[in-house]
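Peer 1: Residue numbers (our numbering): 70 to 180. The beta carbon of each residue, even a glycine, is placed where N, CA and C say it ideally should be. I am attaching a structure below and will ask some questions about it afterwards.
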């Protein structure tokens, strides 16, 4: 016979887990973070606002790669750009992403 308290927990979970559309957004964010170049860009932008040229210099990547990766990061609202004359300077949209990155780093380094 099932424990009534456990059945109550199961019923509660069924009604309160993340809805499908929210879950798809969560998965899309993790997919975005599944690329070393994008994570390196996030880490660089966590330190300073940078232009595409500066990101290419810091990470030793070509401009088209950086521009493409920034576009994907912008689609997930992880970075934003501000025009400064002819250049666009990029920064993190907010610090939430660094909380996620820091938690993942802590997880993979604990043994």
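Determine, using beta-carbon pairs with one atom in the stretch 76–89 and one in the stretch 147–156, whether at least three such pairs fall under 8 Å.
Peer 2: no
Peer 1: Run the proximity test for residue 132: is its beta-carbon closer than 7 Å to any non-hydrogen atom belonging to the ligand MN?
Peer 2: As for the ligand MN, it is missing from this structure, which has no ligand bound.
Peer 1: Just reading off the beta strand (DSSP E) that residue 160 is part of, what are its end residues?
Peer 2: Along the chain shown, one-based indexing puts residue 160 at 91. 156–161 is the span of the beta strand (DSSP E), which, as asked, contains residue 160.
Peer 1: Could you give the residue range of the beta strand (DSSP E) that holds residue 180?
Peer 2: Reading the chain shown from its first residue, position 111 is the one you call residue 180. Residue 180 -> no beta strand (DSSP E), and no H or E assigned at all.
Peer 1: Quick one: grab the DSSP three-state call for residue 94.
Peer 2: In the chain shown, residue 94 corresponds to position 25, counting from 1. Helix at residue 94.
Peer 1: Which residue or residues does DSSP assign as beta-bridge partners of residue 153?
Peer 2: Here residue 153 is taken as the residue at index 84 of the chain shown, counted from 1. The partner list for residue 153 (beta bridge, DSSP) reads 156.
Peer 1: With DSSP collapsed to three states, give me the class of residue 88.
Peer 2: For the purposes of this step, residue 88 is taken as the residue at position 19 of the chain shown. Reduced to three states, the DSSP call for residue 88 is coil.
Peer 1: From residue 136 to residue 89, what distance separates their C-alpha atoms?
Peer 2: Within the chain shown, numbered from 1, the residue matching residue 136 stands at position 67. Within the chain shown, numbered from 1, the residue matching residue 89 stands at position 20. Spanning the two alpha carbons is a distance of roughly 31 Å.
Peer 1: Mark residue 164 as exposed unless 16 or more other C-beta atoms lie within 10 angstroms of its C-beta, in which case mark it buried.
Peer 2: Position 95 of the chain shown, counting from 1, holds the residue named residue 164. Counting Cβ neighbours within 10 Å, residue 164 comes out exposed, since fewer than 16 surround it.
Peer 1: Whole angstroms is fine: what's the gap from residue 91's alpha carbon to residue 101's?
Peer 2: On the chain shown, residue 91 is found 22 positions in, with the first residue counted as 1. On the chain shown, residue 101 is found 32 positions in, with the first residue counted as 1. One C-alpha to the other measures close to 16 Å.
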